[in-house]
Structure formats: C-alpha cells, structure tokens
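Counting from 1, position 203 in the sequence shown corresponds to residue 202 in numbering that gives the first Met the number 0; the numbering is continuous, with no gaps.
Beta carbons are placed, not taken as given, at the ideal position from N, Cα and C, and that holds for glycine.
Please read the structure below before turning to the comments.
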Amino acid sequence: MPEDPLAHPADDALDARLRAAFDPPTEPRLSDMARRAAVAARPPLWPWLVTAAAVALTIGMLVWSRHPRGPEGHDGATLGAVWVAAFEDASARGFGGTCCDCGFDLAEHCRTVQVPALELRSAESSVSGCYRGVSTGGCACLIAKQGDRPVCVYLVPAARDPGVRLPAGCRLHLARRNVGSLVLYALGEQPAEALLQQFALAQQ
C-alpha cells in the first residue's frame, strides 16, 4: 500500500491526544460525575434553620405580648408573690406608721401616683395610709381596714393588669374589682370583696 503523502507522525500524536481528551467518559465516571453534581446542587441547611428560628421567635414574642405585664414587667404569679411579701412585711410592722404614710388624703394620693382619684364610701371601712416598704411591683398599695381587719389594696391600671394570682398554698385571700380604668386588688387574711365594693371614682 502506497504511503499517504499527507501522513505525518506529529499528526498521529495530535490525533491521539484529541481522541483521549474528547472521548465520552466511561459509565463509572459518568455515575461519579452525576453524584457530585447532585451534592453540589443541594441547598445548604442553615438558611432553613435561620428561618425556623425567626418564626419561633416571632411566635414567642406574639404570645408573650398578648398577656399584659404589671407596671414593672411582672406576670400575674410573680406579682402575686411580690404582694404577699409586702403584706407580710406590713403585718410584721403592725400595719402602723412604720410601714405607711398615715393621715393622708386618698384622692390626692391617687393623683400623685397618676391614677384616677378614688374615694371610700363606707363608715365601716377606712384607709389609713399608703404602704412604704418592700417592692409592690410598681403598684400603689393602700393600707385599709375592713372593720378591724387590715387589708392591703393594690391599684393597677387596667391596661397593665396581668391577672394577679397568689402562690399555691398561700393562706391569704385575694379579691379583684374594676373601678373605671383601674383594677383594685384586696389582699388580706379574710375575704375582702365587700371592702372593694366601697371604693368609687371621686366626684370632681
């Protein structure tokens, strides 16, 4: 067979290299390439985790904000425990001058603490002063008497009333009544609903 005048050893080497470079890959190589492409295309997990955390935080904030908090941010159970401690402190000091400002004007005191002015419409009940002692959770506390029984009366703006409740097993009694834009709570050793009924908004 006559030699191809165009054949050249350099051309053969180039042809061999091109064939090696552009030959279709083998089946195992194709499978490996497909597997790597699938892993690379899978989205990272962390954006989903961040989104889930943001949703959970938003829901938690909505639930928390739905329940009113007391004037200093307490929930109902915590504020109840704070009030019990204040009552016990006043009781230990005899509900007298060492724990309250005595001889004060109820309506004027209400205006001082920026709540609607109140008056007490009963000769059988009285308010002897404003409690001064341990924390009351930002609520004004009056030292009152129902007959001869001392009672602490707490004044809470209705918008800040967390629904106060006493600790489990507490020996004291808690009564509640709305008066205008205020919520009044009476805390004492005996039920004091009747005392709360005697409070009313002061006549201007």
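Between residue 92 and residue 152, the alpha-carbon positions lie close to 17 Å from each other. Looking at 145, 135 and 141, the one whose alpha-carbon comes closest to that of residue 106 is 141. Residue pairing from DSSP places residue 118 in a beta bridge opposite 199. Between residue 180 and residue 158, the C-beta gap is smaller than 9 Å, which places the two residues in contact. Exclusion of the five residues before and after residue 192 leaves 174, 176 and 185 as the residues of its chain whose Cβ lies within less than 8 Å of its Cβ. DSSP places residue 110 in no beta strand (DSSP E) but in the uninterrupted alpha helix (DSSP H) bounded by 105-111.
By the neighbour-count criterion, in which a residue is buried when 16 or more other Cβ atoms sit within 10 angstroms of its Cβ, residue 161 is buried. A direct Cα-Cα distance of roughly 32 Å separates residue 164 from residue 53. Distance from the CA of residue 48 to the CA of residue 129, rounded to the nearest whole angstrom, comes to 53 Å.
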